[in-house]
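According to our numbering, the sequence shown is numbered sequentially starting from 2. Ideal Cβ positions, reconstructed from N, Cα and C, are used throughout, including at glycine.
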Amino acid sequence: MNNKLINRTYTYSFLLPAGIIYFVFFLLPTIMSLFFSMTWWSLTDWKFIGLENFKTFLTEPSLNIGFKNTIIYAIVTCGLKVILGLLLGVFLSSKLKTVSFIRSMVFFPTLLSTIAIGMAFAMMMHPTQGLINLALQAVGIVGPDWLGDSKIALLSVALVDVWKGVGMATVIFIAGIMSIPEDYYEALMIDGGNAWHKFWNIILPLSRPAMNSVIILAFIGGLRSFDLIWAMTKGGPGFSTDLIASIIYKQYQAGFYGLSTAGNVILFLLVSALAFPLYAYLNKKEVDL
2 MNNKLINRTY
12 TYSFLLPAGI
22 IYFVFFLLPT
32 IMSLFFSMTW
42 WSLTDWKFIG
52 LENFKTFLTE
62 PSLNIGFKNT
72 IIYAIVTCGL
82 KVILGLLLGV
92 FLSSKLKTVS
102 FIRSMVFFPT
112 LLSTIAIGMA
122 FAMMMHPTQG
132 LINLALQAVG
142 IVGPDWLGDS
152 KIALLSVALV
162 DVWKGVGMAT
172 VIFIAGIMSI
182 PEDYYEALMI
192 DGGNAWHKFW
202 NIILPLSRPA
212 MNSVIILAFI
222 GGLRSFDLIW
232 AMTKGGPGFS
242 TDLIASIIYK
252 QYQAGFYGLS
262 TAGNVILFLL
272 VSALAFPLYA
282 YLNKKEVDL
């Protein structure tokens, strides 16, 4: 009995450092956020006001636009990262002489600062002096106002997000594809299968765990996105590119700290409400290797 108790104590002692870190950096701030979301607070004072911050935030005129933009942004960026990441993963899993160099080039944007990328593309997408429209003008095409046109501004930022994040998706897909046993490919060749059969019947179903990881990470990242939007458009023109996170930041800038904290809680609940059911659904569809 004493040995069992010693072993149990010994085992839990290894979990204690991780538990302390989890409590200090995640659980405690979460509890404090829940509390301060129900207060009016400044850096020196606070007053408990119940659910007033939540009521005020949910009646924010721009919230409906922000909510719609957030869902559209998450779906577009997630979908393109999955499709492009899968295609690049298949291509870069082949035996090319320059495959290592191409992999490095595809992954390189992931290493760059999001703010730096946003500022660079904001200049490149300038309607008259930007590199993109100047290149289009050279071939006789009049480029649009990428970030000034409310109809395409959100899509323009989403495409930049995809350019930056597709490298990570590609790496995950490469890892999933490379883990598929060669026996499957050999059996397919014996049966007379071609490249399409290889992709559709082997790579696509057996890389499902990698695909699920990319979907979850990209979708959550899209729902929580803020820095690229702020660097490129600051939510404009008007509210056409405002996401929930940028609305929260604007409230914080205006000095409504309790209101912005309530917005963070609402965003956390939204991400959880969408991500956990999606995660459970995708896990049911996985194919065991």
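Item checked: Spatial distance of Trp47 from Ser94 (CA atoms) -> 57 Å
Margin query: With the cut-off set at 9 Å, would you say Ala107 and Thr171 are in Cβ contact?
Written below: At residue 107 the sequence reads Val, which differs from the Ala that was named. Taking 9 Å as the Cβ cut-off, Val107 and Thr171 qualify as a contacting pair.
Check: Where does Thr12 land, buried or exposed, given buried means 16+ other C-beta within 10 angstroms?
Finding: exposed
Check: Does the separation of the CB atoms of Phe220 and Leu89 fall below 9 Å?
Finding: no
Notebook entry, point to check: Which whole-angstrom value is the C-beta distance of Val163 and Leu81, which I expect to be below 8 Å?
Noted result: 4 Å
Note to self: Please state the DSSP three-state secondary structure of Thr242.
What the structure shows: coil
Next item on the list: Any chance you could list the alpha helix (DSSP H) runs of at least 4 consecutive residues sitting entirely within the region 44-111, in chain order?
Entry: 53-59, 64-92
Item checked: Residue(s) in a DSSP beta bridge with Trp42 -> Trp47
Checklist line | Burial state of Leu290, where buried means 16 or more other Cβ atoms lie within 10 Å | finding: Summary for Leu290: the model assigns pLDDT 46, below 50, so the residue's position carries little reliability; its value from the coordinates is reported in the next sentence. With fewer than 16 Cβ atoms within 10 Å of its Cβ, Leu290 is classed as exposed.
Next item on the list: Give the DSSP-derived three-state secondary structure of Ala19 in the structure shown.
Entry: helix
Margin query: Can you look up Thr234 in the DSSP assignment and give me helix, strand or coil?
Written below: coil
Notebook entry, point to check: With respect to the alpha helix (DSSP H) encompassing Trp164, which residues constitute its N-terminal and C-terminal limits?
Noted result: 154-179
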